[in-house]
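Undergrad: Residue numbers for the sequence shown follow the numbering used here, beginning at 4 and rising by one. The structure follows.
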Amino acid sequence: MRVFSSHKELLKSIDSDKLLGLVPTMGSLHQGHLSLINRSIVENAQTIITIYVNPTQFNDKNDLNKYPRNLKNDLDKLKHFKNIFIYTPQDKDLYKKVEPKKYDLDDLDKILEGRYRPGHFNGVATIVEKFFRLFNPNNAYFGEKDFQQLTIIKTMVKKMNLNINIVACETVREINGLAMSSRNSHMSKEEIQNAGMVTNIMIKAREIYNKTEVIPNSLKNEINNLKNCRLEYFEIENLSKYSGCIEDDGNRIFIAFWVGKIRIIDNIKLK
Ligand code: PAF
4 MRVFSSHKEL
14 LKSIDSDKLL
24 GLVPTMGSLH
34 QGHLSLINRS
44 IVENAQTIIT
54 IYVNPTQFND
64 KNDLNKYPRN
74 LKNDLDKLKH
84 FKNIFIYTPQ
94 DKDLYKKVEP
104 KKYDLDDLDK
114 ILEGRYRPGH
124 FNGVATIVEK
134 FFRLFNPNNA
144 YFGEKDFQQL
154 TIIKTMVKKM
164 NLNINIVACE
174 TVREINGLAM
184 SSRNSHMSKE
194 EIQNAGMVTN
204 IMIKAREIYN
214 KTEVIPNSLK
224 NEINNLKNCR
234 LEYFEIENLS
244 KYSGCIEDDG
254 NRIFIAFWVG
264 KIRIIDNIKL
274 K
């Protein structure tokens, strides 16, 4: 493992004749990240892992300030991996001015998360495009937990004709079903338990939908009845409806809810 805060220095260590994988993260690494990293290591001779809390994708300053940061722990989790390069930049190594670029994302940025976090996906596209242009990886790895983000990145890559293979990796879950997320580290045991129950409700909804093509409102209400839980949205969407750039992957349930002060998103494929 080698750690760099300058992309110029990091690039000097990359062998351009060998396959390069990129795993962008915002740190506070968990098993979900480690599964992306393991996959990249298997599929590429070299892997760059970025650890950078990108300010342009936070529409709420408070959320940016509160976002968990654990660089020392993160490096500890990565120290046994071979052929990895870790990029932990400061803003100035990436941005002349810390501002998002404006993208045409085929309205994929207007639905679901986009409605609740205006500007968020432009910020994500801005930083991911920067990483892609700086490092020019062969493969880049993203989790399906952020399925809308994954779809948006695929759309951006297609529109910009970037020659990068976007690899979608399955969501990794806690034993109780809750999707792994850096934000889970801020939750109490009870909150994790309740958030896991929401996953079970989502799975129950999938079973019912696959038989009847409807999801009863009573199931959605069950979420609001859990202690300290508040449902923000529970929608069925087929994202390929919005973008001509991605394959039709069918319908999914997309969900966002609060457990105490933590906002959680998840999704699950239907049929
Ligand atoms: O999914 C994330 O952690 C972030 O949105 C990403 C892709 C690393 C960009 O900052």
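Just so it is clear, CB atoms sit at the ideal spot from N, CA and C, and this is done for glycine as well. Fair warning: this is a prediction, and the values are worked out from it, not measured in the lab.
In the DSSP assignment, what residue or residues form a beta bridge with Asp269?
TA: Numbered from its first residue, the sequence shown carries residue 269 at position 266. DSSP lists Ile258 as partners of Asp269.
Undergrad: Measuring from the CB of Ile130, is there a heavy atom of ligand 1 at a distance below 7 Å?
TA: By one-based count along the sequence shown, residue 130 stands at place 127. Correct: Ile130 has its Cβ closer than 7 Å to ligand 1.
Undergrad: With which residues is Val26 paired in a DSSP beta bridge?
TA: Residue mapping note: residue 26 aligns to position 23 of the sequence shown, counting from 1. Answer is Ile52.
Undergrad: Just to confirm, is the Cβ distance from Tyr55 to Pro92 under 8 Å?
TA: Locating residue 55 in the sequence shown gives position 52, counting from the first residue. Locating residue 92 in the sequence shown gives position 89, counting from the first residue. Yes. Within cutoff.
Undergrad: Do Glu194 and Asn231 count as a contact pair if the criterion is CB distance below 8 Å?
TA: Locating residue 231 in the sequence shown gives position 228, counting from the first residue. Locating residue 194 in the sequence shown gives position 191, counting from the first residue. For Asn231 and Glu194, yes; Cβs fall inside 8 Å.
Undergrad: Check Leu81 in the structure and name its three-state DSSP category.
TA: Here residue 81 corresponds to residue number 78 of the sequence shown, with the count starting at 1. Of the three classes helix, strand and coil, the one that applies to Leu81 here is helix, per DSSP.
Undergrad: When DSSP labels each residue in this structure, what does Asn164 get in the three-state scheme?
TA: Taking the sequence shown and counting its residues from 1, the one referred to as residue 164 is at position 161. Asn164 falls in the coil class under three-state DSSP.
Undergrad: Tell whether a beta-carbon distance below 8 Å holds between Lys272 and Asn213.
TA: Translated into positions along the sequence shown, residue 272 becomes position 269. Translated into positions along the sequence shown, residue 213 becomes position 210. No, the Cβ-Cβ distance between Lys272 and Asn213 is not below 8 Å.
Undergrad: Quick one: Cα of Ala208 to Cα of Leu37, how far?
TA: Position 205 of the sequence shown, counted from the start, is the residue given in the question as residue 208. Position 34 of the sequence shown, counted from the start, is the residue given in the question as residue 37. Roughly 29 Å separates the two Cα atoms.
Undergrad: Nearer than 7 Å: is that true of the beta carbon of Met29 relative to any heavy atom of ligand 1?
TA: Within the sequence shown, numbered from 1, the residue matching residue 29 stands at position 26. Met29 Cβ: within cutoff of ligand 1.
Undergrad: Over what stretch of residues does the beta strand (DSSP E) that includes Thr87 continue unbroken?
TA: What you label residue 87 is simply residue 84 of the sequence shown in a count that begins at 1. In the sequence on display, residue 87 carries Ile and not Thr. Run containing Ile87: 87-90, per the beta strand (DSSP E) assignment.
Undergrad: What residues in its chain sit with their C-beta under 6 Å from that of Ile268, if we drop five residues either side in the sequence?
TA: Numbered from its first residue, the sequence shown carries residue 268 at position 265. Ala259, listed in sequence order.
Undergrad: Counting pairs of beta carbons, one from the segment 43-63 and one from the segment 129-140, are three or more of them closer than 8 Å?
TA: Yes, since at least three Cβ pairs between the segment 43-63 and the segment 129-140 fall closer than 8 Å, the two stretches touch.
Undergrad: Using the C-alpha atoms, what's the distance from Ile249 back to Ile156?
TA: Within the sequence shown, numbered from 1, the residue matching residue 156 stands at position 153. Within the sequence shown, numbered from 1, the residue matching residue 249 stands at position 246. Approximately 10 Å, taken between the alpha carbons.
Undergrad: Compute the beta-carbon to beta-carbon distance between Tyr144 and Val175, rounded to the nearest angstrom, for a pair I have assumed lies under 8 Å.
TA: Walking along the sequence shown from the start, residue 144 turns up at place 141. Walking along the sequence shown from the start, residue 175 turns up at place 172. Not a contact, Cβ separation roughly 13 Å.
Undergrad: Label His123 either buried or exposed according to how many other C-beta atoms from any shown protein chain fall within 10 Å of its C-beta, with 16 as the threshold for buried.
TA: Translated into the one-based positions of the sequence shown, residue 123 becomes position 120. Classification of His123: buried, given that the 10 Å Cβ count is 16 or more.
Undergrad: To the nearest angstrom, how far is it from the Cα of Ile226 to the Cα of Asn179?
TA: Here residue 226 refers to the residue found at position 223 when the sequence shown is read from its first residue. Here residue 179 refers to the residue found at position 176 when the sequence shown is read from its first residue. Looking at the two C-alpha atoms, the distance is approximately 16 Å.
Undergrad: Could you check whether the Cβ of Val170 sits closer than 7 Å to any heavy atom belonging to ligand 3?
TA: Of the ligands this structure carries, namely ligand 1, none is ligand 3.
Undergrad: Give me whichever residues DSSP pairs with Gly146 in a beta bridge.
TA: Counting from 1 along the sequence shown, the entry for residue 146 is found at position 143. Note: Gly146 sits in a beta bridge opposite Cys172.
Undergrad: With a threshold of 7 Å (Cβ to nearest heavy atom), would Gln152 be considered close to ligand 1?
TA: Translated into positions along the sequence shown, residue 152 becomes position 149. Yes, the Cβ of Gln152 comes within 7 Å of a heavy atom of ligand 1.
Undergrad: Ligand 1 and Asn73: does the residue's C-beta get closer than 7 Å to at least one heavy atom of that ligand?
TA: Here the question's residue 73 lines up with position 70 in the sequence shown. Asn73 Cβ: outside cutoff for every heavy atom of ligand 1.
Undergrad: Can you tell me whether Met190 is buried or exposed, with buried defined as 16 or more other CB within 10 angstroms of its CB?
TA: Along the sequence shown, read from residue 1 onward, the residue named residue 190 stands at position 187. Met190 is buried by the Cβ-count criterion.
Undergrad: On the DSSP letters alone, give me the boundaries of the beta strand (DSSP E) that Val127 sits inside.
TA: As a first step, residue 127 must be located in the sequence shown, where it is residue number 124. It is not in any beta strand (DSSP E) - Val127 instead sits in the alpha helix (DSSP H) that spans 123-138.
Undergrad: By a C-beta neighbour count over all protein chains shown, 10 Å radius and 16 as the cutoff for buried, is Ile121 buried or exposed?
TA: Looking up residue 121 in the sequence shown gives position 118. Reading off the sequence, residue 121 comes out as Pro, not Ile. So Pro121 ends up on the exposed side.
Undergrad: Give me the DSSP bridge partner(s) of Ala182.
TA: Against the sequence shown, residue 182 aligns to sequence position 179. Beta-bridge pairing links Ala182 to Arg176.
Undergrad: Since Leu115 contacts Phe257 with CB under 8 Å, what's their CB separation in whole angstroms?
TA: Translated into the one-based positions of the sequence shown, residue 115 becomes position 112. Translated into the one-based positions of the sequence shown, residue 257 becomes position 254. Contact flag correct, Cβ pair sits at about 5 Å.
Undergrad: DSSP three-state label for Tyr119, please.
TA: Position 116 of the sequence shown, counted from the first residue, corresponds to residue 119. Helix, per DSSP.
Undergrad: Could you tell me the distance, in whole angstroms, from the CA atom of Ile167 to the CA atom of Asp252?
TA: In the sequence shown, counting from the first residue as 1, residue 167 sits at position 164. In the sequence shown, counting from the first residue as 1, residue 252 sits at position 249. So the two alpha carbons sit approximately 20 Å from each other.
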